[in-house]
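Here the structure is laid out as structure tokens; the discussion comes afterwards.
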DNA sequence: GCATCAATTGTGGTCATCCCCAGTGTGGAA
DNA sequence: TTCCACACTGGGGATGACCACAATTGATGC
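Protein chains in written order, with my numbering: chain A, 1 to 201; chain B, 202 to 402.
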């Protein structure tokens, strides 16, 4: 896992340097990219932190870059910077999931605060995603039959009923059930239900 | 429960009439309010639908009205209309939970589409809130002791352990447990866990 | 062929759950 | 005071969950 970084995407070197310095003084690590294309080329799915994205750039605009990131399912919060934004643009990006939309000239401290909140938000996302990934990984270890039994167990059915529906013996159901608990790392049907309830499946 | 309504709050009668007519042609019921004060005075917690809120009004502005609604925990989506909005205003309201922010002059059809989406969103909220209310109501019917036992059951503990922790007999735990299932309308600890998992508590 | 794994079934037993029966004590409401 | 809700306790029995031990079949892979 890469370390959390504030990715600064701006074609103006002076702004990049200023932002980097600003963030460093607040103990936020930053990495700069001099164009949307460069950032998209270097972008990795396991990036985490946040993105500070200038809207007006020479080639690809920040808005186009944002759309490209949405298609790639980029999970990082995106903070837009712009000197010539309008209301529909701001509304549109926020409704598409942008974290914030700031107009130049902006208050340095306000920007850093937004960046820090965005990175905290991403850290929370990462944490919940990791537990989610653990659960998915364990679910994948289950054999088809075990998954079948698990769903019926979660439906609150007795082993006897499950055995009947699957046309197998109760004993076999018990074995599957036991393996499901073992592989999922739980000790009871209640824990299993709680583990799978938030994310469904 | 009141019927879903689009609440139009605007001090310009011409706009109110035009919006009402627009919505009626798309089978959306509307109710008009000629000021923010009037709307806040008539507002009821069980209102549902959405709110179309003009920002610039003679006395209380739409922004102030929005803040007052937030304090009252108004659940309805709020759609802002404005002729003189700026980016920070739009960003601020959206980040505070506004549904949309439209600048005049707006496309009639676009507005109606937004209103319809907002009302659909509120209908979904209402539906999930009702099931939530059912669960809360049942939880309230539990005696303190029953709630205590329920939490320990959800922690996956055996009756024996629960009895030990509460310094009561296993038999008593069984009685409470049984009553909990009965009052909550479930037949097993698994169902109980699934019922309470999304909403926690 | 041999090893491994998934799926299957069985015996016998322990422990937990659930429901029937019945009873005590306390505090608040009618 | 009487009545009721609540918390508590008990026995006994039916049923379900779980476990250790033991074993067969079929498919996959070396």
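Glycine included, each C-beta is placed from N, C-alpha and C at the ideal position.
DSSP-derived helix/strand/coil call for residue i
| i | result |
| --- | --- |
| residue 15 (chain A) | helix |
| residue 267 (chain B) | helix |
| residue 32 (chain A) | strand |
| residue 400 (chain B) | In this prediction, residue 400 (chain B) scores a pLDDT of 43, lower than 50, which makes its location untrustworthy; no coordinate-derived value is stated. |
| residue 186 (chain A) | coil |
| residue 2 (chain A) | coil |
| residue 240 (chain B) | helix |
| residue 92 (chain A) | helix |
| residue 176 (chain A) | helix |
| residue 108 (chain A) | helix |
| residue 287 (chain B) | coil |
| residue 300 (chain B) | coil |
| residue 209 (chain B) | strand |
| residue 80 (chain A) | strand |
| residue 55 (chain A) | coil |
| residue 74 (chain A) | coil |
| residue 221 (chain B) | helix |
| residue 395 (chain B) | helix |
Proximity of residue i and residue j at Cβ, strictly below 9 Å
| i | j | result |
| --- | --- | --- |
| residue 62 (chain A) | residue 388 (chain B) | no |
| residue 305 (chain B) | residue 284 (chain B) | yes |
| residue 2 (chain A) | residue 16 (chain A) | no |
| residue 211 (chain B) | residue 224 (chain B) | no |
| residue 166 (chain A) | residue 193 (chain A) | no |
| residue 276 (chain B) | residue 330 (chain B) | yes |
| residue 229 (chain B) | residue 207 (chain B) | yes |
| residue 386 (chain B) | residue 346 (chain B) | no |
| residue 79 (chain A) | residue 101 (chain A) | yes |
| residue 43 (chain A) | residue 69 (chain A) | yes |
| residue 149 (chain A) | residue 195 (chain A) | no |
| residue 174 (chain A) | residue 159 (chain A) | yes |
| residue 291 (chain B) | residue 91 (chain A) | yes |
| residue 26 (chain A) | residue 161 (chain A) | no |
| residue 213 (chain B) | residue 87 (chain A) | no |
| residue 121 (chain A) | residue 65 (chain A) | no |
Where residue i meets chain A, residues with beta-carbon distance less than 7 Å
| i | result |
| --- | --- |
| residue 304 (chain B) | 87 and 88 |
9 Å Cβ cut-off: residues of chain B touching residue i
| i | result |
| --- | --- |
| residue 154 (chain A) | 391 and 395 |
| residue 100 (chain A) | 292 and 296 |
| residue 187 (chain A) | 357 |
Burial state of residue i, where buried means 16 or more other Cβ atoms lie within 10 Å
| i | result |
| --- | --- |
| residue 342 (chain B) | exposed |
| residue 300 (chain B) | buried |
| residue 72 (chain A) | exposed |
| residue 260 (chain B) | exposed |
| residue 310 (chain B) | exposed |
| residue 401 (chain B) | Residue confidence for residue 401 (chain B) is low, a pLDDT of 41 falling below 50, so the modelled location carries little weight and cannot support an answer. |
| residue 123 (chain A) | exposed |
| residue 328 (chain B) | exposed |
| residue 371 (chain B) | exposed |
| residue 177 (chain A) | buried |
| residue 255 (chain B) | buried |
| residue 93 (chain A) | buried |
| residue 237 (chain B) | buried |
| residue 391 (chain B) | buried |
| residue 231 (chain B) | buried |
| residue 163 (chain A) | buried |
| residue 118 (chain A) | buried |
Original post:
Where in the segment 140-172 of chain A do unbroken runs of the alpha helix (DSSP H), each at least 4 residues long, occur, reported from the N-terminal end onward?
Top reply: 144-154 and 159-166
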